[in-house]
Amino acid sequence: MQAVRFIGVGRPPQIQDVPKPSPGPGEVLVKIGRAGVCHSDLHVMEEDLGFTPPFTLGHENAGWIAALGQGVARFKEGDPVAVYGPWGCGRCHACQLSMENYCENWAQVTGFGGGLGLDGGMADYMLVPSARLLVPLGALPPSKAAPLSDAALTPYHAIKRALPHLHAGSTVVVLGLGGLGHMALQLLRVLAPVRIVAADVDDTKLDHARKLGADDVVNNRDAVAAAEQIQRIAGARGAGLVLDCVGVQPTLDLGAKLLGRNSTWTIVGLGGGHHDFHHGSTPYGTSMSIPYWGSRVELMEVIAMARDGRIHAETMEFPLAQAGAVYGKLKAGQITGRAVLVPDAVS
Ligand SMILES: [Zn+2]
Ligand SMILES: [Zn+2]
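Just remember that our numbering sits 5 ahead of the position in the sequence shown, which is counted from 1.
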C-alpha cells in the first residue's frame, strides 16, 4: 500500500510502497478515510524531536474498521471511527482517566502515537494497537472527522481548562488561525459567552475568522499596533485567556502584553518561542500553561459537537501522493482550515 513516510530529519516526506499490515491479537486495522496534515509534522521533519525514522506520518486519522485482531469485541468491520492520537501505556492513573496525553509512563512507551514515532494514518491502512484508542463516529462521516482528533481536540482541551476564567464580559484572544485556531473560534462560541478576538498575520484568515465567530479581528503583522488595538478591546481587565496556537517568539511577546490580572495564558503552538516567567514578568494571578493534545473522552465530546452541527472542520482535500506539496503549502500559509489527505481507494 501507499504511505507517506518520515525518512529523517531535514528530508522531505517520501511516498513509499509498504506492506499492508494485518492485526495481531487485540489490534485493529483501520482503512483510512482522511488523514489531517498538521503543522507539528513540519517540526518532526525539520527538527530533531527524538523520533526514529522511518515511519508513516499522520496523527489525525479517521476511517472504517477493516479487520479486527483476535479478542477484539464490540466493534465490527465497516464501523466508522476516529483514531485517538496520543497512545499511552493504557494502565496508569492518567490513562485510566482517558488522558493518555498525560500518560505517566510516557518515557517507557515507544513513540507518542501513530504518526509520531509509530506508523500513522497517511496510508491506505493504519494499524491501531488497541481498540481502546478508537472512538466511534456514529453518523459523522470520516471525511469530516479526521481533523477533529487534533485540530479540534487540542484547543478544546485547552479551552476547557480555562473555562473558569471565561465568563460574560471577558475577552479571549486567539493567536494564529490555522488548523487549531479555526476550530478554537468555533469551540469558544459554543462553550463561553466571551468576546472573541482573532489575530493572524494573514488577512484572508481574518476574513474567515469573522465567519467562524470572531467578534473582532486584528492583523498582528505590526505587533505594536496589534497589541494596542487588542488592549483597547479588552479594556482594563485584559484578556481572560490568551490562546496561542502558534507559539513563536512574536506571538509570545504579543500575548504577554495582553494579559490582565488573574488571566490564563495557554500556549499550544509548537513554535519554539520562550518567556521568562517570574514575579513581575506578567500580571499577578497569571497562569501560564502548555497543555498537550486532549483526552479520549474529550475527543468523544468534540465528535458529538461536530455530529450535532455545532462545530465543523473546514478542509482542503488532496490525494495522498501530493503530501510533499501539501506540506509546502502549509508552510507557506496557503491552507485555509485544515488540509487532509485522501487515499486513492476512497477518493
Ligand atoms: Zn498535530
Ligand atoms: Zn499511561
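Using N, Cα and C, we set each Cβ at its ideal position, and we do this for glycine too.
Helix, strand or coil at residue i [DSSP, three-state]
i: Gln327; result: helix
i: Gly13; result: coil
i: Ile164; result: helix
i: Ile316; result: coil
i: Met50; result: helix
i: Pro147; result: helix
i: Val25; result: Correcting the residue identity first, residue 25 is Lys in this sequence and not Val. In the structure shown, Lys25 sits in coil (DSSP, three-state: anything other than H, G, I, E or B).
i: Ile340; result: coil
i: Gln7; result: strand
i: Gly126; result: coil
i: Ala357; result: Residue 357 lies beyond the range of the chain shown here (6 to 352); nothing can be said about it.
i: Gly333; result: helix
i: Thr57; result: coil
Within 8 Å, strictly: CB atoms of residue i and residue j
i: Asn110; j: Pro91; result: no
i: Leu62; j: Tyr130; result: no
i: Gly356; j: Val273; result: Past the boundaries of the shown model lies residue 356; the chain is included only from 6 to 352, so the question cannot be answered.
i: Ala151; j: Val331; result: no
i: Ala350; j: Thr269; result: no
i: Glu32; j: His187; result: no
i: Thr176; j: Ala239; result: yes
i: Gly243; j: Leu264; result: yes
i: Val202; j: Ile235; result: yes
i: Asp46; j: Val14; result: no
i: Ala204; j: Val223; result: yes
Closest Cα partner of residue i within the set the options
i: Leu325; options: Ala128, Leu264, Ile308; result: Ala128
i: Thr57; options: Arg39, Asp124, Ala40; result: Asp124
i: Leu182; options: Ala8, Leu335, Ser27; result: Leu335
i: Arg237; options: Lys262, Gln254, Arg226; result: Lys262
i: Thr209; options: Ser27, Gly342, Val347; result: Gly342
i: Cys250; options: Pro348, Gly174, His162, Ser103; result: His162
heavy atom of ligand 3 below 7 Å from residue i C-beta
i: Glu65; result: Only ligand 1 and ligand 2 can be found as ligands here, which leaves ligand 3 out of the picture.
- prompt: Do the region 187 to 197 and the region 214 to 231 touch if we need at least three Cβ pairs shorter than 8 Å?
  reply: yes
- prompt: Could you give the uninterrupted runs of the alpha helix (DSSP H) lying entirely in the region 213 to 257, keeping only those of 4 residues or more?
  reply: 228 to 239
Minimum length 3: unbroken beta strand (DSSP E) runs contained in the region 254 to 306: 264 to 272, 292 to 294
- request: Mind the definition here: the region 315 to 323 touches the region 290 to 303 only if three or more C-beta pairs lie below 8 Å; say whether that holds.
  value: no
- prompt: Would the region 22 to 36 and the region 60 to 77 be scored as touching if the rule is three or more Cβ pairs under 8 Å?
  reply: yes
query: Pairing CB atoms from the region 275 to 285 with CB atoms from the region 133 to 151, are three or more of them under 8 Å?
result: no
- prompt: Mind pulling the beta strand (DSSP E) runs of 3 or more residues that sit fully within the region 65 to 105?
  reply: 66 to 73, 85 to 88
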